[in-house]
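This is the structure in structure tokens:
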């Protein structure tokens, strides 16, 4: 915990509210005493059960034995035996009177979380639920396992006996269990038989507790921040929901007074009116999470991680409840009568005239795709089609809605939805009969993704993947969303008080609406499309020259800076709250503020520019030390779940590595901080590894977040490849080295992942590595020299890497090569090589070689020189049929310009200009006046046969996870204008910026790359050319060093470019740039051109 949090708890711990009884160990569970209302039994993390007198706080009995925490308490039906679930995967038992240990009940493969007991037809049985998702019924006397249920998908949190089923001489008992899979399950047991019933679904995520009130209704407590009442008469539908600010840990009901009492993770005890659901009172006293409640008469007794027992009387509250429970039940019944039953829906379907004849017989076509993500669905029962002319023609011919599902390989929830829905025969039958289902890889078709993401965000207020949209045959959207729970879902989406709506419900509704209200659907879709088109064009119409362009001034930099400064997290770095994304474009913007010429610094403010550098560097250091970085195998994860950058979402994306590499290069150039250079080496090693760079030269796209925990497992788990236990550290490294490395990376015996970040208990005892203690502090702590500690950490990293690669299953690799992302990687490696030339020439050469191999590969395999056409995807020995988009041309051009400035091989610059010309001819939008332009569309104006374009042509101006496409193009244009002495490119750059002027004036922080171009346009761009006259490499190297020194930090901005030209002989660049045509062999010098004139400087 932070210092502030520690101080808060220390202050609050002194309060006497609830008459605290203070113990020495965390309390994990509580049970009433079956023989005395004056005492309770509590389960302690130290491994004991303690009987405590409520009046005096005296310990009346102590039951010892386990060395692991105890999680739950129960008594045998006759009250003579005491049971406790334990972390050691067993249930312990003691004789209540003698306190002697009795037998242990074993059978779980993970810790036991819940225990209870009951008498069934004269036989006493013990029932336990574990984190292994098993519910086991034992014979108490013999210890024999009578029944084992494995119906829950994740761990069981609580078990309750249905009091209605307990009758004298009853031969069958009903059991209800609550699980981390958000399900409540019902089981029927006798002494001989056992049956599992259907799951009750009332919550979005883990259900921690269930409680039966006197009416036999169930009250639940859940991590989705709700406590709910599920009424028996309605078939266990929820009819009351009590919303909390955090996880609800427990719930009890005081029926005589009409009160519901809940325990929340925010440390509070809340009292609610049972009839109305209104919050009546809040008790505050605990200073850490409340773990359990029991009701003794009219007193609620609570226990907590803070090791206290507290008592709260509710006798003083009025017992008059003005509205009876029957009111709620009546309203629930009315709601159910107005909703068509499943029988009604079935009858409606049977009466549909001619429906069967209109359905096309589809077969899954995904084997035709090159995308690993799309191909991963080719064994689904859903008859997936491809986004091509054939599929769209099919929809038009049979007049059916298109269901398009868009995702990508590293998307966790895409895989969840596939498992829950697309592998379901029920879902497949509906999709195959009533829709044309199409699967799309968003990385392959970002144009389609962009259009329908805009739609879903506009209509739902949020977006994400998987992106699922229903379209008319004309591709106009009817309905859409992201993840929807499937028939076997463990994460439902709640809709209203009467339960949840899932994917099957949505499919049936859309099918019926299309069949019965098609004209209305079409009209609505056309209106939505009209609005989307207006939205897409809003703010991207170029202003006529003189009516807006002059407003785009350098002062906008200061406004953008203030936005980031207002959201900056000074403790953890980054901006805003969790989840936190690196968003390298914003960090690069902040770094550039300190790299511009002094005239810009004066406008923005020297203090502001210095603070911008501090914010960016601090954030990059926090990221480099955090769990978002793979400290063993290199590279960075997509984002952090926590604000401290400690717990990542583990997927690794190529575009993140490239952009972060460029940011770390710039940050080191500004500060010379060694940690930043370490991150540079880390990313370079990752990008040039055999796993990421293909043998032919291109770079693969991503690594998945999920993987199998062991080779023998069948279920993948997020982060399984990356997390560690302290036991593994000791096993791999030995005691001493494990001690040093564990302290360095923050590895703890019980794991370093907070329970609230592990709702499904998948990461218990696991650790995400992050740098917590520096080598110098470790040296003092372990009595070693700094050099010994550094050597130990380096050796430990290598041993852990070898162990990980040898024993664990690597996450799936998306091995498609995407031109756009490769362009980013080429540029980043080129810039890293320039930095490393001054430090490590061998590593610098590796960077250049890697970048040049990738560029050559793309030119040879994905570029048609005769037409200038790029193809976006290469995989498995051949290119795909998806044409290049604007980002492919833009990012590759940017990478080639950077590669030219790293190698001064003008073939890279020549290739870059070819790409820019193709962009100008096929993607450029016409402007409001003759001979003007209005930015670049995402897609080409030249269609490719058999490849349908998107519903709308969009223009990308804002920066997000990827750089702004128009920002990258404008930056390329202004750099080409200086490198080639061609003012037509500068004109296009200015017009491109002008296209987004309206939005930029309102929200400059969204356009950080375009802001950089504005600086170059307003301040002028300085081109420094090193002219080499001699033939020897030594002389050329000296000229290169002198040229780089002259340009300095400005090389990372749009205010400077750099070139080196050999004055001897002919070259492409000498013929292309008018300033170089007359260069003659003589002496070496610098040619510095700025503000419309050039001057020479001796070398």
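Numbering (the UniProt record's numbering), first residue to last: 1 to 1099.
We put the beta carbon where it would ideally sit given N, CA and C, even for glycine.
With burial defined as no fewer than 16 other Cβ atoms inside 10 Å of the residue's Cβ, what is the status of residue i: buried or exposed?
| i | result |
| --- | --- |
| residue 39 | buried |
| residue 570 | exposed |
| residue 320 | Residue confidence for residue 320 is low, a pLDDT of 32 falling below 50, so the modelled location carries little weight and cannot support an answer. |
| residue 781 | exposed |
| residue 429 | exposed |
| residue 399 | exposed |
| residue 1037 | exposed |
| residue 229 | buried |
| residue 1135 | Because the chain in this structure spans residues 1 to 1099, residue 1135 falls outside the shown range and cannot be described. |
| residue 814 | buried |
| residue 8 | exposed |
| residue 1082 | exposed |
Out of the options, which one is the CA nearest neighbour of residue i?
| i | options | result |
| --- | --- | --- |
| residue 833 | 915, 872, 696 and 684 | 684 |
| residue 641 | 675, 164 and 757 | 757 |
| residue 126 | 98, 90 and 133 | 90 |
| residue 1039 | 1003, 446 and 1085 | 1085 |
| residue 298 | 891, 176 and 253 | 253 |
| residue 464 | 717, 479, 483 and 472 | 483 |
| residue 701 | 744, 656 and 522 | 656 |
| residue 1025 | 1061, 1035 and 1003 | 1061 |
| residue 487 | 984, 895, 199 and 800 | 199 |
| residue 768 | 636, 302 and 691 | 636 |
Measure the beta-carbon distance from residue i to residue j and round it to whole angstroms, keeping in mind my assumption that it falls under 8 angstroms.
| i | j | result |
| --- | --- | --- |
| residue 872 | residue 368 | Their Cβ separation, rounded to whole angstroms, is 17 angstroms, which puts residue 872 and residue 368 out of contact at 8 angstroms. |
| residue 747 | residue 729 | 6 angstroms |
| residue 666 | residue 591 | 5 angstroms |
| residue 1017 | residue 560 | Contact doesn't hold; Cβ gap of about 16 angstroms is too wide. |
| residue 1013 | residue 1054 | 5 angstroms |
| residue 578 | residue 643 | 4 angstroms |
| residue 86 | residue 61 | That pair is no contact at about 18 angstroms. |
Helix or strand or just coil, what does DSSP make of residue i?
| i | result |
| --- | --- |
| residue 1053 | coil |
| residue 873 | strand |
| residue 322 | Here residue 322 scores only 29 on pLDDT, less than 50, and its place in the model should not be relied on; the value that follows carries that caveat. Coil. |
| residue 983 | helix |
| residue 593 | coil |
| residue 52 | strand |
| residue 373 | helix |
| residue 640 | strand |
| residue 655 | helix |
| residue 1076 | helix |
| residue 67 | coil |
| residue 402 | strand |
| residue 650 | coil |
| residue 215 | coil |
| residue 585 | helix |
| residue 157 | strand |
| residue 410 | coil |
| residue 678 | helix |
| residue 1046 | helix |
| residue 895 | helix |
| residue 224 | coil |
| residue 308 | strand |
| residue 79 | coil |
| residue 688 | coil |
Is the shortest distance between the beta-carbon of residue i and the beta-carbons of chain B less than 8 angstroms?
| i | result |
| --- | --- |
| residue 824 | Considering every chain present, this structure includes no chain B. It has just one protein chain. |
Write down every uninterrupted run of the alpha helix (DSSP H) in the stretch 925-980 whose length is 4 residues or greater and which is fully enclosed by it, in chain order.
Runs found: 965-979.
In chain order, what are the residue ranges of uninterrupted beta strand (DSSP E) at least 3 long that sit wholly in the stretch 693-776?
DSSP runs (the beta strand (DSSP E)) wholly in the stretch 693-776: 700-703.
Going along the chain, which unbroken runs of the alpha helix (DSSP H) with 4 or more residues stay wholly within the stretch 814-889?
Listed in chain order, the complete alpha helix (DSSP H) runs (minimum 4 residues) inside the stretch 814-889 are 819-836 and 841-861.
Unbroken stretches of the beta strand (DSSP E), 3 residues or longer, contained in the stretch 447-529:
467-471 and 477-481, all fully within the stretch 447-529.
Segments of 4+ residues assigned as alpha helix (DSSP H) that fall wholly inside the stretch 987-1014
Every unbroken stretch of the alpha helix (DSSP H) spanning 4 or more residues and falling wholly within the stretch 987-1014 is given here in chain order: 997-1002.
Write down every uninterrupted run of the beta strand (DSSP E) in the UniProt repeat "WD" (241-282) whose length is 3 residues or greater and which is fully enclosed by it, in chain order.
For the UniProt repeat "WD" (241-282), whole beta strand (DSSP E) runs of length 3 or above, ordered along the chain, are 248-254, 259-264 and 268-273.
Extract the residue ranges of the beta strand (DSSP E) inside the stretch 161-201, only unbroken runs of 3 or more that lie entirely within it.
With a minimum length of 3 residues, the continuous beta strand (DSSP E) runs that stay inside the stretch 161-201 are 173-179, 183-189 and 194-201.
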